[in-house]
Amino acid sequence: MPLTDLNKNLPQLCDTTSCTGCGACVNSCAHQALCLTASAEGFYHQTIDAQRCVGCKLCERSCPVLNPPVRHNTEKLRAFAAWHKDEDIRRESSSGGAFSAFASFVLSQGGCVVGAAYGKDLHIEHIVVETEEELRRLRLSKYSQSFIGGVLSEVKSRLKAGQTVLFTGTPCQVSGLVRFLGRDYTNLITIDLICHGVPSPKFLQKYRESLEPRFGKIDKIDFRNKRKGWYDNLRVVYTENGKSHAMRGHNDAYWVAFSRDTCLMESCYQCRAQGFPRCSTFTLADFWRIGHRVPFGHKDEIEKGISLIIVNDESKVSLLQELTGRLYLEERTIDEAIGGNLSGVQSHHRPSDRSSFYADLEKMSWQGFRQRYLTPNTRERLVKMFRERLPFWLIKRIRLIKQK
Ligand SMILES: Cc1cc2nc3c(=O)[nH]c(=O)nc-3n(C[C@H](O)[C@H](O)[C@H](O)COP(=O)(O)OP(=O)(O)OC[C@H]3O[C@@H](n4cnc5c(N)ncnc54)[C@H](O)[C@@H]3O)c2cc1C
Ligand code: SF4
Ligand code: SF4
Ligand code: SF4
Numbered sequence: 397m398p399l400t401d402l403n404k405n406l407p408q409l410c411d412t413t414s415c416t417g418c419g420a421c422v423n424s425c426a427h428q429a430l431c432l433t434a435s436a437e438g439f440y441h442q443t444i445d446a447q448r449c450v451g452c453k454l455c456e457r458s459c460p461v462l463n464p465p466v467r468h469n470t471e472k473l474r475a476f477a478a479w480h481k482d483e484d485i486r487r488e489s490s491s492g493g494a495f496s497a498f499a500s501f502v503l504s505q506g507g508c509v510v511g512a513a514y515g516k517d518l519h520i521e522h523i524v525v526e527t528e529e530e531l532r533r534l535r536l537s538k539y540s541q542s543f544i545g546g547v548l549s550e551v552k553s554r555l556k557a558g559q560t561v562l563f564t565g566t567p568c569q570v571s572g573l574v575r576f577l578g579r580d581y582t583n584l585i586t587i588d589l590i591c592h593g594v595p596s597p598k599f600l601q602k603y604r605e606s607l608e609p610r611f612g613k614i615d616k617i618d619f620r621n622k623r624k625g626w627y628d629n630l631r632v633v634y635t636e637n638g639k640s641h642a643m644r645g646h647n648d649a650y651w652v653a654f655s656r657d658t659c660l661m662e663s664c665y666q667c668r669a670q671g672f673p674r675c676s677t678f679t680l681a682d683f684w685r686i687g688h689r690v691p692f693g694h695k696d697e698i699e700k701g702i703s704l705i706i707v708n709d710e711s712k713v714s715l716l717q718e719l720t721g722r723l724y725l726e727e728r729t730i731d732e733a734i735g736g737n738l739s740g741v742q743s744h745h746r747p748s749d750r751s752s753f754y755a756d757l758e759k760m761s762w763q764g765f766r767q768r769y770l771t772p773n774t775r776e777r778l779v780k781m782f783r784e785r786l787p788f789w790l791i792k793r794i795r796l797i798k799q800k
């Protein structure tokens, strides 16, 4: 068959500027014609094998960018502040540990939990866990795109077999699952995050390689360690030999690019999964600025991390009652919840140096690249150095002054 005939029926899927790598198309193709591969920038996007494609277009119909999933029709959005009652779990979590409370509940019912874990060489991938021990791998925010692979098909099989599944991920990943499934399952709970955006796995690898001569083989990076409090998070690197190393924030190259938005996936600058209500059951986030406008009666809890839970599917709000043994919950206003966290409702602005960031990551030496893109300016450095030298009790005292 001439190539033109072959191409005629190929699906028109997203290009690398709009594809989120959610994997819905890949999982929906019965002919193994699609897979997720790393682009030149290192992000996972769909690629097609034209020889295998039969032109059924099932993949197009599954794509949440081309066909956005139906959002819940909730009249009154409800928001809760929450934190895990187990201090160790809360310390191991990026916010207040609400995710672990949902996950433990589902595991206790014989269900499974799907989320992002660090694998070999700090590669991040979505995995399925069925025990509390494995659940520890899903805790913590990992600040890079997670590889979704074939996990959506596995979720579908488990749902069909009647198992309760808790699926967690970025909003685009949850949208992908919802489109891929194409119907409701009463045994499915989905949790997405308020999402700033994701840097590429390639950038995380280069960063890891830059640290290993100093620390040795790295197993895990906690970008949000709360030793210095929840707001002034520290980067802590865990190595294969069981040691941990705290890094001073003002030196942290990765965080400079993340907070300046120079390294995000192209689709993050025009994210279609934000806003409320969403298609997920619940949204989790940090409850930033809690108590700034509306009085909050638990000031001493703030530096340990407070989770925000937004209920998108009001028919599932009763599930929160099941969590009260594990989770402290307090209802707050939705204005307070979203007002301190604009990533929930709008995309971050694409800075002009985003255009050259990944090309330069490829061609420049790490030293040169770091100098050009990853060095904090004088003001950022001074603020961070000042904070790092303050004792934790004083940081806490200063923060409390800002509380109502
Ligand atoms: C890339 C990224 C950006 C975020 N941006 C914001 C933000 O702008 N504002 C805000 O309030 N909160 C943001 N969050 C969410 C926040 O950091 C916490 O993850 C969330 O509040 C849940 O915290 P927790 O204490 O309940 O559980 P934790 O144990 O800290 O979180 C674990 C959960 O996060 C999921 N997860 C971790 N890394 C990834 C990843 N790379 N991809 C997909 N899922 C992942 C796990 O599957 C699990 O469900 C972001 C998270 C990530 C991963
Ligand atoms: S059109 Fe059909 S066969 Fe071709 S990639 Fe899409 S799902 Fe697979
Ligand atoms: S379904 Fe997901 S992975 Fe496939 S093209 Fe659409 S956004 Fe990309
Ligand atoms: S900002 Fe949007 S597109 Fe980017 S990772 Fe988050 S949900 Fe996906």
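Its first residue numbered 397, the sequence shown is counted upward by one per residue in our numbering. Idealized CB from N, CA, C, for every residue including glycine.
- Taking the CA atoms as reference points, S743 sits about 37 Å from Q505.
- Looking from the CA of V713, the closest CA among S596, S676, L770 belongs to S676.
- The C-alpha of K700 is placed about 19 Å away from the C-alpha of L534.
- Remark: C-beta atoms of A477 and L738 do not approach each other more closely than 8 Å.
- Residues lining ligand 4 by the Cβ criterion, that is a Cβ closer than 6 Å to any of its heavy atoms, are T416, T566, P567, C568, C591, G593, V594, M661, S663, C664, C667, A669 in chain order.
- The region 723 to 737 and the region 408 to 416 do not touch, with fewer than three beta-carbon pairs separated by less than 8 Å.
- The beta-carbon distance between L589 and V502, rounded to whole angstroms, is 17 Å. This is too long to meet the 8 Å contact definition.
- Between the region 571 to 587 and the region 668 to 686, the count of Cβ pairs shorter than 8 Å is three or higher; the stretches touch.
- Distances from the alpha-carbon of T771 to those of S711, H688, A653 put A653 closest.
- Taking a cut-off of 8 Å on C-beta distances, the region 524 to 544 touches the region 614 to 631, as three or more cross pairs fall below it.
- Below 8 Å, enough C-beta pairs join the region 540 to 553 and the region 519 to 529 to call them touching: three or more.
- The Cβ atoms of E710 and T470 sit closer than 8 Å to each other.
- Cβ atoms of S490 and S496 stay farther apart than 8 Å, at about 11 Å.
- By the C-beta density criterion, N423 is buried, having at least 16 other C-beta atoms within 10 angstroms.
- For the options P595, L715, L548, the alpha carbon positioned closest to that of E662 is the one of P595.
- When only Cα atoms are considered, R604 and K472 end up about 44 Å apart.
- In this structure, N621 sits away from L607, with a CB-CB distance that is not shorter than 8 Å.
- Taking the Cα positions, L716 is about 35 Å away from H441.
- In the DSSP annotation of this structure, the continuous segment of the alpha helix (DSSP H) that includes F753 starts and ends at 750 to 759.
- In this model, L548 and R575 are separated by some 10 Å (Cα to Cα).
- Taking R623 as the centre and dropping the five residues before and after it, the same chain places the C-beta of L630 closer than 6 Å to its C-beta, in chain order.
- Under the DSSP definition of a beta bridge, I706 partners with A475, T679.
- Look at G492 here: in three-state DSSP terms it is coil, with no helix or strand label.
- When distances are taken from the beta-carbon of K538 to the heavy atoms of ligand 1, the shortest one is below 7 Å.
- Of the other Cβ atoms in all chains shown, fewer than 16 fall within 10 Å of the Cβ of A755; this residue is therefore exposed.
- At a threshold of 7 Å, H427 counts as near ligand 2, since its beta carbon sits closer than that to one of the ligand's heavy atoms.
- D657 sits in coil when the DSSP states are folded into three classes, being neither helix nor strand.
- In the three-state reduction of the DSSP assignment, Y627 falls in the coil class.
- Boundaries of the beta strand (DSSP E) around A513: 508 to 514.
- Annotation: F683 to Q670 spans about 17 Å, alpha carbon to alpha carbon.
- A Cβ-Cβ distance of about 39 Å is found for the pair A420 and G638, leaving them out of contact under the 8 Å criterion.
- Counting of Cβ neighbours within 10 angstroms places S458 among the buried residues, the total reaching 16 or more.
- Annotation for C459 indicates a beta carbon at 7 Å or more from all heavy atoms of ligand 2.
- Scanning its chain for C-beta atoms nearer than 6 Å, with the 5 sequence neighbours on each side dropped, one finds around A733 the residues A475, L704, in chain order.
- Relative to E529, the option among A499, V461, K695 whose CA is nearest is A499.
- Per DSSP, the unbroken beta strand (DSSP E) holding A642 starts and ends at 640 to 643.
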